[in-house]
Amino acid sequence: MLSWSWKLLACGLICSAGCADRHAWQADGWRPEGAPQRVVAGSVLAAESLLGVIPAGRLAGAHVFAADPDYSLVTELVGGVSLVGATPEQLLSVDPDLVLVDAYTRAETLALLGAAGVPVVRTRDPKGFKDIAANLRMIARVTHLEVELEVVIDEMVQRLHEVTKRGQAFGSWRLLSLDGALHTYGAGSLFDAVVRASGAVNVASERGVGAFRKLDIEEVLAWRPDVIVLSGQPGQAAPNWIHQFPGLGLLPCVQQQRLLFVPGPLLSTTSHHLVAAAALVQRQLQGWKAP
Amino acid sequence: MTAVIANMLSVQLGNAAVLHGVSLEVGPGELVLLAGRNGAGKSTFLRCLVGALRPDAGSVQLGGEPTASWRPRARARELAFVPQETDVPFDFTGRELVTMGRHPHRGRSEGLSSDDHAAIDRALTLLDAHAFADRAVTTLSGGEQRRIAVARAIATEAKLLLLDEPTNHLDLEHALQLVQLLRDLADQGHGVLVASHDLNLFAPRCDRAVLLHDGRVYVDDAPEHALCSENVEHVFGVKAAAPTEFFPRDFTL
Amino acid sequence: MTRRLPLLLLFALIVAASLHLGFARERPGVGALLAWMFSWTGAFDAPDDADRFVLGMIRAPRLLVAVFGGGALALAGTVMQATFRNPLASPDIIGTAAGAAFGGALAIVFGWADLGVVVTPLMALAGAVGVTSLVFALAGAHGRFTVANLLLAGVALNTLFGALTSFVVTFAFDNYTASSRVLFWLMGGLDARTWQHAWITAGGFLLFSMLVWPRARELDLLTLRDDSAHSLGVDAQRARRTLVWWACGLTATTVANSGGIAFVGLVVPHLARLMVGPAHRVLLPTAALLGAVLMVASDLGCRVAPVGWNLRLGVVTAVAGAPYFLFLLARQRRGLAL
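Same order as they appear, the protein sequences are chains A, B and C.
Sequential numbering from 461 applies to the first sequence in this note's numbering.
Sequential numbering from 313 applies to the second sequence in this note's numbering.
Sequential numbering from 38 applies to the third sequence in this note's numbering.
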């Protein structure tokens with residue numbers, strides 16, 4: 461009985477030691493004293509936000525995906541920047557004084573970087589264009605690039621405004637995003653924000669689907685979207701898997717080739733480039749004239 | 313007139329030679345006792361006789377033909393075997409297990425003929441097993457399971473019966489009943505070969521006794537000669553004294 | 038009562054099948070189904086094209102895969118338990134399911150699955166047959182094998198192909214769609230089944246059950262020890278090998294179309310044996326019907342469960358099967374027979 465309680469006490473002490481004291485940079489609104497000179501963009505969002513804006517030489521490293529055309533929109537801007545993976549060893553190997561990561565980076569990585577004394581700032585998972593702007597402002601604050609990134613935000617807002625205005629004159633297009641396993645993006649997702657900005661309707665959020673969900677084939681057939689949005693190159697042929705789901709090939713939108721392809725990295729970006737997706741969607745819909 | 317004849321049987325299991333040139337014949341109308349120490353090769357020999365084990369040398373003949381050339385069902389109608397282990401992992405009733413003994417006689421048809429029913433009932437009667445025939449065998453005692461297994465062999469109506477330690481687990485009354493049954497079957501014309509440790513029960517009632525020693529036939533003769541003191545001492549390493557007042561007794565039903 | 042049980046189960050199956058066809062979150066519902074069935078009398082209007090399509094092209098094949106797949110798995114389990122003389126045997130032990138999982142995973146990860154509906158089932162079949170052959174090859178020495186060797190080879194290859202499947206999945210890590218498809222495949226599921234899946238499953242069931250059914254009595258005899266079976270005229274070794282292959286065929290054609298389904302092959306024969314006893318003449322059809330009912334009911338559960346759960350068929354059957362084993366364990370501890 462006694463030995464049991466000693467074990468419990470020991471466990472408690474170890475656990476509390478593990479819950480390290482909060483670092484300064486974990487406080488909201490933190491701004492470093494001097495402008496960081498060796499910034500690592502440890503996520504595609506950070507890379508897309510900083511590349512082209514941050515002065516050369518201040519960017520010590522970028523996530524490997526930033527140079528991967530399947531994931532990144534800024535592959536031409538990566539240039540001579542060192543590419544690192546999201547592991548602590550690789551991130552520390554370029555001797556950073558600030559690391560920017562996103563919601564997908566593991567807690568262990570953050571803890572290890574913090575223990576090494578490297579400030580780590582995490583962007584939030586955006587649900588709409590306002591969140592994207594908020595992320596940009598946070599990045600601006602911690603890199604001392606407020607002026608430059610405010611310009612970027614203004615451009616995004618301006619473009620968004622134009623797209624939205626044009627979209628108000630549209631007919632009501634009903635869009636549904638699908639992938640090879642019948643996943644879709646619904647209410648609260650960035651795709652939803654894009655669709656709304658372009659002036660169309662996201663069938664999934666109309667039907668109460670949350671941010672991301674796998675659909676049943678019966679649901680897709682019952683909902684009968686006007687357009688199916690897919691990841692791919694605009695103008696490409698329908699993917700093979702469409703014909704593997706019973707009835708999908710018989711939908712009017714598939715028969716009429718009303719398949720809207722958006723390049724993968726653009727469809728899934730979480731940076732200000734997303735507004736280009738809304739513009740692309742709108743252009744395509746205008747090309748088809750009526751739903 | 314079917315007899316089972318083993319000729320110069322040799323069997324090697326792994327690295328050990330279990331049987332060396334064993335020859336033995338069992339014909340109709342006789343009850344033969346096969347005895348020997350543990351590991352002498354009795355079970356192996358019986359398995360060779362029934363064709364479950366192929367010998368490395370020598371031959372086994374059934375009714376003049378090599379056993380291996382018989383079609384399995386025809387052979388099963390002539391030769392029945394009760395091995396030492398007869399446990400069944402599923403809840404068959406005793407009657408269902410005895411019914412399996414009619415398999416060699418049943419064709420594609422599913423029903424049991426009147427002959428089948430008669431054979432099953434007769435077998436259960438002879439083994440005094442009617443009382444527990446309709447219970448699941450997993451609920452029966454070791455001795456009751458043994459009697460069901462023997463009943464199954466009898467239900468095949470085979471002329472030749474091979475039994476490996478049939479009196480294991482049986483109480484005195486049922487062991488005697490079984491020995492008496494085998495004696496009666498032999499008198500009726502069956503050929504019965506029994507491997508057993510129960511020398512006292514079988515010796516007075518068998519026609520021949522065969523002692524296996526070190527994988528060879530040591531003696532094959534009438535029981536009073538085969539089981540004389542010298543032979544018993546040589547094969548079993550045990551002195552056979554004259555019966556005393558106390559034990560062994562000669563039991564009868 | 039025992040003799041009428043298969044009929045009762047057949048009735049239960051019809052009820053379950055009707056619910057499966059008619060009960061759903063969206064239309065068409067039970068009303069449309071009934072209207073269609075009785076539309077020939079003129080008293081009801083036939084449902085419109087869209088409803089007919091859903092009923093006939095989406096729900097019907099899914100139901101058929103559930104019925105024939107569940108029946109096949111239960112039959113396979115019954116055969117395995119008899120031939121291995123062990124109530125805990127199941128079709129998984131000789132590597133069939135692991136091979137099928139591996140074949141299907143390969144097809145999905147490397148994109149061949151998109152070439153046609155039958156690609157994944159065929160590759161899964163090839164995997165199942167390949168691994169089972171390997172198990173036999175490893176276990177057999179000069180054509181005669183012991184049950185122990187077969188089981189050891191089965192365990193070894195199950196482990197190996199489980200690891201290989203995981204290895205294949207790591208290739209798909211960055212491709213979210215492929216990795217989720219593989220995961221759903223491994224957990225089993227009947228969504229988006231087409232008539233091609235239904236034909237393969239039904240064909241496999243009919244073919245192999247016709248091969249197994251005449252040997253019902255032989256299966257009874259195989260539960261005896263090999264020597265006893267031999268003395269009654271049954272070549273236990275050869276019979277075991279043949280029947281295990283038929284069990285493998287039943288399992289492979291099902292798992293190829295439904296992914297990995299746990300427990301049906303293990304638990305259903307037990308339940309059936311509890312209901313009608315161990316004689317295979319009655320046990321085989323009872324187990325097949327019971328397996329079909331269970332599979333249809335589980336799939337119905339998957340379809341009407343809250344949407345966000347993403348409930349998979351293999352998960353439901355495992356969750357339903359595990360408590361049964363705890364129950365068996367409790368019986369064991371109280372000294373009752375397994």
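We put the CB at the ideal spot given by N, CA and C, even for glycine.
Fair warning: this is a prediction, and the values are worked out from it, not measured in the lab.
Using CA coordinates, which residue listed in C:VAL219, C:ARG99 and C:CYS339 is at the minimum distance from C:VAL297? The residue asked about is misnamed: residue 297 of chain C is Gly in this sequence, not Val. For the residues C:VAL219, C:ARG99 and C:CYS339, the minimum Cα distance to C:GLY297 belongs to C:VAL219.
Would you say the beta carbon of C:LEU259 is closer than 7 Å to some non-hydrogen atom of the ligand GTP? Ligands are entirely absent from the displayed structure, and the ligand GTP is therefore not among its contents.
Taking the continuous alpha helix (DSSP H) assigned at C:THR288, which residues delimit it? 273–295
Determine the burial state of B:THR411: buried for a count of at least 16 other Cβ atoms within 10 Å of its Cβ, exposed for fewer. buried
Distance between A:VAL559 and A:ASP528 (C-alpha atoms, nearest Å): 20 Å
Under 7 Å from the C-beta of A:LYS444: neighbouring residues of chain C: There is simply no residue 444 of chain A to check, as chain A begins at 461 and stops at 751 in what is shown.
Pop quiz: A:SER542 and A:GLY517 are said to be a contact at Cβ under 8 Å. What is the actual Cβ separation, rounded to whole angstroms? The Cβ separation is near 12 Å, so there is no contact.
Would a check of beta-carbon distances place C:ASP336 closer than 8 Å to chain A? no
Unbroken alpha helix (DSSP H) run spanning B:PHE329, endpoints: Contrary to the premise, residue 329 of chain B reads as Ala rather than Phe in this sequence. Element bounds for B:ALA329: not the alpha helix (DSSP H) but the beta strand (DSSP E), 328–338.
8 Å Cβ cutoff met for A:SER632 and A:ASP652: no
Where do the N-terminal and C-terminal ends of the alpha helix (DSSP H) with C:MET94 fall, by residue? Segment: none, C:MET94 is in no alpha helix (DSSP H) and carries neither H nor E.
Any idea if C:PHE105 is buried or exposed, counting beta-carbon neighbours within 10 angstroms, 16 or more meaning buried? buried
Is the Cβ-Cβ distance between B:LEU343 and B:ARG464 less than 8 Å? no
Give the secondary structure of B:ASP533 by DSSP, where H, G and I count as helix, E and B as strand, and everything else as coil. strand
For A:GLU610, which of A:ASN595, A:VAL689 and A:GLY648 has the nearest alpha-carbon? A:ASN595
Check whether the Cβ of B:PRO416 lies closer than 8 Å to any Cβ atom in chain C. yes
Tell me whether B:ASN480 sits in a helix, a strand or coil according to DSSP, three-state version. coil
Closest by CA to C:LEU194, which one among C:ASP151, C:LEU227, C:LEU348 and C:ALA138? C:ALA138
Judging by CA-CA distance, which residue of A:ALA567, A:VAL669 and A:ILE592 is the nearest neighbour of A:GLU508? A:ILE592
Burial state of A:TYR564 (16 or more Cβ within 10 Å): exposed
Local Cβ density within 10 Å of A:TRP464, reported as buried at 16 or more and exposed below that: exposed
Segments of 3+ residues assigned as beta strand (DSSP E) that fall wholly inside the stretch 536–564 of chain A: 542–544 and 558–561
Taking the DSSP output, what are the residues bridged to B:SER322? B:ALA369
Selection from C:TRP73, C:LEU44 and C:LEU46 that minimises the alpha carbon distance to C:LEU58: C:TRP73
To the nearest angstrom, how far is the alpha carbon of C:LEU375 from that of C:LEU112? Reliability fails at C:LEU375, whose pLDDT of 49 lies under 50, so the model's placement of it is uncertain and the value that follows must be treated cautiously. In a straight line, the C-alpha of C:LEU375 is about 20 Å away from that of C:LEU112.
When you compare only the Cα positions, how much space is there between C:ALA253 and C:VAL341? 38 Å
Where A:SER632 falls: helix, strand or coil (DSSP): coil
Are the Cβ atoms of C:LEU350 and C:ASP336 separated by less than 8 Å? yes
Let me know the secondary structure DSSP gives C:ALA235 once reduced to three states. helix
Here's a check: name, in chain order, each residue in its chain whose Cβ is nearer than 6 Å to the Cβ of C:GLY132, leaving out the five neighbours to either side. VAL168, THR169, VAL172, GLY191, LEU194 and ASN195
Once DSSP output is grouped into helix, strand and coil, what is the label at A:ILE514? coil
Just reading off the alpha helix (DSSP H) that C:HIS317 is part of, what are its end residues? 317–341
Determine, for B:PHE357, whether the minimum Cβ-Cβ distance to residues of chain C falls below 8 Å. no
If we call anything under 8 Å between Cβ atoms a contact, is C:PHE324 one with C:PRO343? The displayed chain sequence assigns Ala, not Phe, to residue 324 of chain C. Their beta carbons are not under 8 Å apart, which means C:ALA324 does not touch C:PRO343 by this criterion.
According to DSSP, which residues form a beta bridge with B:PHE393? B:LEU474
Quick test of your reading: B:LEU365 and B:VAL323, contact by CB under 8 Å. State the CB separation rounded to the nearest angstrom. 7 Å
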